[in-house]
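Number of protein chains: 2
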Amino acid sequence: MTDRIGALRSHFDSGKLDGYLVSEANSMRYLTDFSGGTLLLVPQEGQSVLFVYGVNYEAAKVETKGAAVELIGPEEDLAKRIASAIKGLGLRHIGFDSLRVPSYLKMKELLGGAELEDAGDAVWSLRRVKDETELTLMKKAAELTCQGMGKAREIMGAGLEEREVAAEIEYEMRQSGSDGVAFETIVSSGANSAFPHGGCGDRRISEGDFVVIDMGAKYRGYCADLTRTFIIGKPSPKQAEMYETVRRAQGSAVSRIRAGTEGKEIDRLAREQIAAKGYGRCFVHGLGHGVGLDVHEPPTLGPTSKDVLVSNNVVTVEPGVYIPNFGGVRIEDTVLVLEEEAKKLTDAPTELGS
Amino acid sequence: MTDRIGALRSHFDSGKLDGYLVSEANSMRYLTDFSGGTLLLVPQEGQSVLFVYGVNYEAAKVETKGAAVELIGPEEDLAKRIASAIKGLGLRHIGFDSLRVPSYLKMKELLGGAELEDAGDAVWSLRRVKDETELTLMKKAAELTCQGMGKAREIMGAGLEEREVAAEIEYEMRQSGSDGVAFETIVSSGANSAFPHGGCGDRRISEGDFVVIDMGAKYRGYCADLTRTFIIGKPSPKQAEMYETVRRAQGSAVSRIRAGTEGKEIDRLAREQIAAKGYGRCFVHGLGHGVGLDVHEPPTLGPTSKDVLVSNNVVTVEPGVYIPNFGGVRIEDTVLVLEEEAKKLTDAPTELGS
Chain X
1 MTDRIGALRS HFDSGKLDGY LVSEANSMRY LTDFSGGTLL LVPQEGQSVL FVYGVNYEAA
61 KVETKGAAVE LIGPEEDLAK RIASAIKGLG LRHIGFDSLR VPSYLKMKEL LGGAELEDAG
121 DAVWSLRRVK DETELTLMKK AAELTCQGMG KAREIMGAGL EEREVAAEIE YEMRQSGSDG
181 VAFETIVSSG ANSAFPHGGC GDRRISEGDF VVIDMGAKYR GYCADLTRTF IIGKPSPKQA
241 EMYETVRRAQ GSAVSRIRAG TEGKEIDRLA REQIAAKGYG RCFVHGLGHG VGLDVHEPPT
301 LGPTSKDVLV SNNVVTVEPG VYIPNFGGVR IEDTVLVLEE EAKKLTDAPT ELGS
Chain P
1001 MTDRIGALRS HFDSGKLDGY LVSEANSMRY LTDFSGGTLL LVPQEGQSVL FVYGVNYEAA
1061 KVETKGAAVE LIGPEEDLAK RIASAIKGLG LRHIGFDSLR VPSYLKMKEL LGGAELEDAG
1121 DAVWSLRRVK DETELTLMKK AAELTCQGMG KAREIMGAGL EEREVAAEIE YEMRQSGSDG
1181 VAFETIVSSG ANSAFPHGGC GDRRISEGDF VVIDMGAKYR GYCADLTRTF IIGKPSPKQA
1241 EMYETVRRAQ GSAVSRIRAG TEGKEIDRLA REQIAAKGYG RCFVHGLGHG VGLDVHEPPT
1301 LGPTSKDVLV SNNVVTVEPG VYIPNFGGVR IEDTVLVLEE EAKKLTDAPT ELGS
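Chains as they are written, first to last, in my numbering: chain X, 1 to 354; chain P, 1001 to 1354.
Rendered as structure tokens:
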């Protein structure tokens, strides 16, 4: 693991902060390799400290890298403990990623004159650019995800319950080494497929259905995200047109992504292509999002995105067309942004039909 | 579904609040039956409004109960939109469950004189007492969970990888109707079992191991939580003593719980029983927690709990003893608190051995 705490420090070093409080679980995991911390205090100089409750203390002592581990007692007031650590180090301007309002207000009061400032971007500026260790894990997560989708393709057909398909996908991924799912598997069929987050229930898949499958494996904490849409039986002309519209928009968006691409611009290109076929109002979400330890993270590809992609961002590209009471199509890959191209980490067929 | 928004209103009606902002996903689901909302505004009088992004808008129109649905545009500033809704209704003192600090500060500024106050307890005072609809779903979640544990008991033995056991448990639950897992399944064996959140990896289970399995199904959003500890082969005298100590502490804690029990007191009783056997320092976490749409929610059974249990709370009872470099034992059930007793929702054998 590269010195990520050092990288975080050098990020806020140049600014006005002299300390940083991390409380997002995955950011603490990213910075220390340990996922059971409660708060991580990173001063500009000297030792960082991971505060841990008793339930995770023994594991923390073994697994934490780059920070001292301190035990929080069961009777202790956490805000007081942290405020006193901050005061003890003489820090005057502390950034944080994500405090709850009551903790924020309490700590602010306890800290007296010291400033406490929302600075979530500091960790994200690191986490959004994946290093080699992370990319190895993400490739594995993507590979397991494709195996799961392969299983879905193999068994897909009329008569199956949505939930049965999810069961087979997840079992396949688990048997191959997945640590679980990156998010709740979506298998939404028929009219349900018109809801982008249509869930997965006991509906039986029928002839003529669209079936949207949106799923991802988790591997050593890292997520992948893949969507394919199946059509059961022979597609109607309208189904075929919707499908081809989405497939082409997705393919051409992926082919245009590289370092320097604006998140807003690539969304606009895909959106225009879909609008040109008359489905402009049916693409009801952004084009994509970053993926890593979180399944939704920066950067964003969408109409209001201010992000510009750089090498080693990992993002989804997932246009969709949804027609209420008819059905929906979404095609999504997780791609790695490189200098000259985007490389698909997920690679599953997009041919029509099951 | 009972009128939960009405219940929330009558809760803050008597107080000083004239409106309430809900942003916890599961609280919005609890109040409106829809899980894809972004913010729910509940004024003391008049129509509640669920604000929803485009991706979930069509589903929200079909599924939301008890609140109007309003679309948030992709270009819109959410804090501005909400602040203007609050001002439009003339609300002066708004409670909230959980805003992010930047949104809180921004909204506070936009609202001018109106007060914005942390009041998370208002929703929790409802959610912690389960109604009949919820109990039916929780019983089903618990039943599926026990089925998963039954599968683990059936296959348990030396030579299996931890992850394989998790795969079989989850597949069994999914096939029986589970919507997924309530949390990442823990199967931690040998020395790993000494870490209460020991995870689930590729270690092969061996003769003489403790194997802690902590798992739960999710059913229609509701969680169950069950832990059993297996011993592979003949237990050593020390293993048998640790196991019996935990089993008895758990059994007697469950038998003492009823409406009126203090969370602090029941924790103390279990802790004393474990300490009497010399394992006081090895019980490194609280006795239990509430379960519902969240797998960890109020009330709490622990050394600093201020909660007093009431009928229709659902809580876990899960003492454990962990010895670094040796192994750990935890036994946990999800129980329903009634006037005169606690009824186990999870009911799986606790006999020693596999």
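From the three backbone atoms N, C-alpha and C, an ideal C-beta is built for every residue, glycine too.
Assigned secondary structure, Ala-1240/P (DSSP; H/G/I helix, E/B strand, else coil): In the second sequence, counting from the first residue as 1, residue 1240/P sits at position 240. Ala-1240/P falls in the helix class under three-state DSSP.
Range of the contiguous alpha helix (DSSP H) that encloses Tyr-1030/P: Position 30 of the second sequence, counted from the start, is the residue given in the question as residue 1030/P. For Tyr-1030/P, the uninterrupted alpha helix (DSSP H) run begins and ends at 1025 to 1032, by DSSP.
CB contact below 8 Å: Ser-354/X versus chain P: As a position in the first sequence, residue 354/X is number 354, starting the count at 1. Caution is warranted here: a pLDDT of 44 is assigned to Ser-354/X, below 50, making its placement in the model unreliable, and no coordinate value can be reported.
Neighbour flag for Gln-175/X against chain P, beta carbons, 8 Å: Position 175 of the first sequence, counted from the start, is the residue given in the question as residue 175/X. Chain P has a Cβ within less than 8 Å of the Cβ of Gln-175/X.
Buried or exposed by the 16-neighbour rule on C-beta atoms within 10 Å, applied to Lys-236/X: Working through the first sequence from its first residue, we reach residue 236/X at position 236. The amino acid occupying residue 236/X in the given sequence is Ser; Lys does not appear at that position. By the 10 Å Cβ count, Ser-236/X comes out exposed.
Nearest neighbour of Ile-94/X, chosen from Leu-116/X, Ala-79/X, Ala-249/X [CA to CA]: Your numbering for residue 94/X matches position 94 in the first sequence. Of Leu-116/X, Ala-79/X, Ala-249/X, the residue nearest in Cα terms is Leu-116/X.
Reduced DSSP category for Tyr-279/X - H, G, I as helix; E, B as strand; rest coil: The count along the first sequence starts at 1 and reaches residue 279/X at position 279. In the structure shown, Tyr-279/X sits in coil (DSSP, three-state: anything other than H, G, I, E or B).
Min CB distance Glu-184/X to chain P below 8 Å: Numbered from its first residue, the first sequence carries residue 184/X at position 184. Chain P contact via Cβ: present.
Closest residue to Ser-48/X among Gly-6/X, Glu-161/X, Glu-75/X, Gly-73/X (Cα-Cα distance): As a position in the first sequence, residue 48/X is number 48, starting the count at 1. Looking at the Cα atoms, Gly-6/X is the closest of the given residues.
Neighbourhood of Arg-1311/P by C-beta, 8 Å cutoff - its chain only, sequence neighbours within 5 removed: Position 311 of the second sequence, counted from the first residue, corresponds to residue 1311/P. What sits at residue 1311/P in the sequence shown is Ser, not Arg. If we look at Ser-1311/P and ignore the five residues flanking it on each side, its Cβ neighbours are Val-1129, Ala-1259, Val-1337, Leu-1338, Glu-1339.
Candidates Glu-332/X, Gly-233/X, Tyr-171/X, of which the one nearest Gln-147/X by Cα: Within the first sequence, residue 147/X is the residue found at index 147, counting from 1. The residue with the shortest Cα to Cα distance from Gln-147/X is Tyr-171/X.
Cβ shell of Asp-225/X (< 7 Å), same chain only, five flanking positions each side left out: Taking the first residue of the first sequence as position 1, residue 225/X is located at position 225. Cβ neighbours of Asp-225/X beyond the five flanking positions: Ala-182, Gly-216, Val-291, Val-295, Thr-316, Glu-332, Thr-334.
Touch test, the stretch 134 to 149 of chain X against the stretch 1152 to 1159 of chain P, Cβ-Cβ under 8 Å, three pairs minimum: no
Cβ neighbour criterion (16 or more within 10 Å) applied to Lys-1140/P: On the second sequence, position 140 is the one that residue 1140/P refers to. Label assigned to Lys-1140/P: buried.
Proximity of Leu-110/X and Ala-79/X at Cβ, strictly below 8 Å: Taking the first sequence and counting its residues from 1, one reaches residue 110/X at position 110. Taking the first sequence and counting its residues from 1, one reaches residue 79/X at position 79. In contact: Leu-110/X and Ala-79/X (Cβ atoms closer than 8 Å).
Residue environment, Arg-9/X, which counts as buried when at least 16 other CB atoms sit within 10 Å: In the first sequence, residue 9/X corresponds to position 9, counting from 1. Buried.
Option in Thr-350/X, Val-52/X, Ala-68/X, Phe-12/X with minimal Cα separation from Arg-248/X: Mapped onto the first sequence, residue 248/X falls at position 248. Among Thr-350/X, Val-52/X, Ala-68/X, Phe-12/X, the Cα nearest to that of Arg-248/X belongs to Thr-350/X.
Neighbouring residues, chain P, relative to Asp-118/X (Cβ below 9 Å): Start at 1 with the first residue of the first sequence, and residue 118/X comes out as number 118. Chain P residues near Asp-118/X: Arg-1100, Val-1101, Pro-1102, Leu-1105.
Cross-chain neighbours of Glu-58/X in chain P, by beta carbon under 8 Å: Here residue 58/X is taken as the residue at index 58 of the first sequence, counted from 1. Within 8 Å Cβ-Cβ: Ala-1194, Phe-1195, Val-1284, Tyr-1322, Pro-1324.
Validate contact between the stretch 162 to 179 of chain X and the stretch 201 to 210 of chain X using beta carbons, cut 8 Å, 3 pairs: Because the criterion of three Cβ pairs below 8 Å is met, the stretch 162 to 179 of chain X and the stretch 201 to 210 of chain X touch.
N-terminal and C-terminal residue of the beta strand (DSSP E) that Ile-1331/P is part of: Translated into the one-based positions of the second sequence, residue 1331/P becomes position 331. That residue, Ile-1331/P, is in no beta strand (DSSP E); it is neither H nor E in DSSP.
Neighbourhood of Tyr-57/X by C-beta distance below 8 Å, restricted to the same chain and skipping five residues each side: Mapped onto the first sequence, residue 57/X falls at position 57. Closer than 8 Å at the Cβ level, and outside the excluded window around Tyr-57/X, lie Val-69, Leu-71.
The stretch 205 to 213 of chain X touching the stretch 1227 to 1234 of chain P, judged by at least three CB pairs closer than 8 Å: Cβ pair count under 8 Å is below three, so no.
8 Å Cβ cutoff, Ala-253/X in contact with chain P: What you label residue 253/X is simply residue 253 of the first sequence in a count that begins at 1. Not one chain P Cβ lies under 8 Å of Ala-253/X.
Rounded Cβ spacing between Gly-286/X and Thr-300/X (contact assumed at less than 8 Å): Taking the first sequence and counting its residues from 1, the one referred to as residue 286/X is at position 286. Taking the first sequence and counting its residues from 1, the one referred to as residue 300/X is at position 300. Indeed they touch by this definition, with Cβ atoms about 6 Å apart.
Simplified DSSP assignment, three categories, for Gly-180/X: Here residue 180/X refers to the residue found at position 180 when the first sequence is read from its first residue. Residue state, collapsed to three classes: strand.
According to DSSP, residues forming a beta bridge with Glu-207/X: Working through the first sequence from its first residue, we reach residue 207/X at position 207. Answer is none; Glu-207/X lacks a bridge partner.
Neighbour flag for Glu-1075/P against chain X, beta carbons, 8 Å: In the second sequence, residue 1075/P corresponds to position 75, counting from 1. It does: the Cβ of Glu-1075/P has a partner Cβ on chain X nearer than 8 Å.
Lys-1238/P classed as buried or exposed, judged by whether at least 16 other C-beta atoms fall within 10 angstroms: Position 238 of the second sequence, counted from the start, is the residue given in the question as residue 1238/P. Lys-1238/P counts as exposed, since fewer than 16 other C-beta atoms from the protein chains shown sit within 10 angstroms of its C-beta.
Expected contact under 8 Å - CB spacing of Thr-1064/P and Asp-1097/P to nearest Å: On the second sequence, position 64 is the one that residue 1064/P refers to. On the second sequence, position 97 is the one that residue 1097/P refers to. With a beta-carbon spacing of about 18 Å, Thr-1064/P and Asp-1097/P fall beyond the 8 Å limit used to define contacts.
Proximal residues to Gly-1263/P (C-beta, below 6 Å), its chain only, five neighbours per side dropped: As a first step, residue 1263/P must be located in the second sequence, where it is residue number 263. If we look at Gly-1263/P and ignore the five residues flanking it on each side, its Cβ neighbours are Pro-1299, Thr-1300, Leu-1301, Ser-1305, Asp-1307.
Three-way DSSP call (helix, strand, coil) for Leu-1071/P in this model: Indexing the second sequence from 1 puts residue 1071/P at position 71. Correct three-state label for Leu-1071/P: strand.
Test item: CB-CB of Thr-38/X and Tyr-53/X under 8 Å: Numbered from its first residue, the first sequence carries residue 38/X at position 38. Numbered from its first residue, the first sequence carries residue 53/X at position 53. Yes, these two residues count as a Cβ contact at 8 Å.
Whole-angstrom distance between Gly-88/X and Glu-272/X, CA atom to CA atom: The sequence position of residue 272/X within the first sequence is 272, counting from 1. The sequence position of residue 88/X within the first sequence is 88, counting from 1. Rounded to whole angstroms, the gap between the alpha carbons of Glu-272/X and Gly-88/X is 56 Å.
Short CB-CB distance (under 8 Å) between Arg-1163/P and chain X: The residue you call residue 1163/P lines up with position 163 of the second sequence. Yes, contact with chain X.
As assigned by DSSP and simplified to three states, the class of Met-156/X: The residue labelled residue 156/X in the question sits at position 156 within the first sequence. Three-state DSSP puts Met-156/X in coil, outside helix and strand.
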